[in-house]
Amino acid sequence: MDAIDEKIIAELTRNGRISHSELASKVLLSRNAVRQRIERLEREGHIAGYTIVRAGDDTGNVVSALVLVYRQDRMRGGDVLAALKCIPEVVICEILSGDFDIMVRLEAASLERVRVIWEDIAQMPGVRDTVTALTLSSVVNRPRGGRSSTAPG
């Protein structure tokens, strides 16, 4: 990956719908060269996908929460993971070492929806306990593998 590839990724991060023509003018390449570079970056895994970000309601606010899950049996708790994958508001689900078994990040349209999901998770067979925390504000929110910095605040 060279500096032009980095610029292409930065522009696509800012606006995933940018046309190849507009992107080409920003990175000083031809439209065809930009298309070929994007295809190569996708093949090599530097661009792993494109994401849609939905607003939670008319104001664009989304209620975010972290749910830490204790399973009954860490080694045979795959049914809990399968159930979590089916909840559309689960945006991150990671298996942890240490005290907790699973960390789930929810992004929902309302606090009520977070409560319903939390209750569903707590009642899943194989879940022993949960600890939930609501996100009050976001200080850093980088794209995966991102090198961009956030403004101080």
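full-length UniProt numbering puts the first residue of the sequence shown at 1, with every later residue one more than the last. Where is the CB? At the ideal position from N, CA and C, for every residue including glycine. Since this is a predicted model, take the numbers as computed values, not measurements.
Answer with buried or exposed for V63, where buried requires no fewer than 16 other C-beta atoms within 10 angstroms of its C-beta.
For the purposes of this step, residue 63 is identified with residue 63 of the sequence shown, where counting begins at 1. Per the 10 Å Cβ criterion, buried.
Alpha-carbon to alpha-carbon, L28 and residue 156
Missing from the structure shown is residue 156; the chain here goes from 1 to 153 and no further.
Under the rule that 16 or more other beta-carbon atoms within 10 Å means buried, what is R142, buried or exposed?
Indexing the sequence shown from 1 puts residue 142 at position 142. Of the other Cβ atoms in all chains shown, fewer than 16 fall within 10 Å of the Cβ of R142; this residue is therefore exposed.
With a 10 Å radius around its C-beta and 16 neighbouring C-beta atoms as the bar for buried, classify V114 as buried or exposed.
The count along the sequence shown starts at 1 and reaches residue 114 at position 114. A residue is called buried when at least 16 other Cβ atoms come within 10 angstroms of its Cβ; V114 meets this threshold and is buried.
May I ask you to list the residues that DSSP assigns as paired with L106?
Within the sequence shown, residue 106 is the residue found at index 106, counting from 1. L106 is bridged by DSSP to A65, V90.
Please work out which residues of its chain come closer than 8 Å, Cβ to Cβ, to D5, disregarding the five sequence neighbours upstream and downstream, and give them in chain order.
Within the sequence shown, the letter at position 5 stands for residue 5. So the qualifying residues of the chain are R37, L41, H46.
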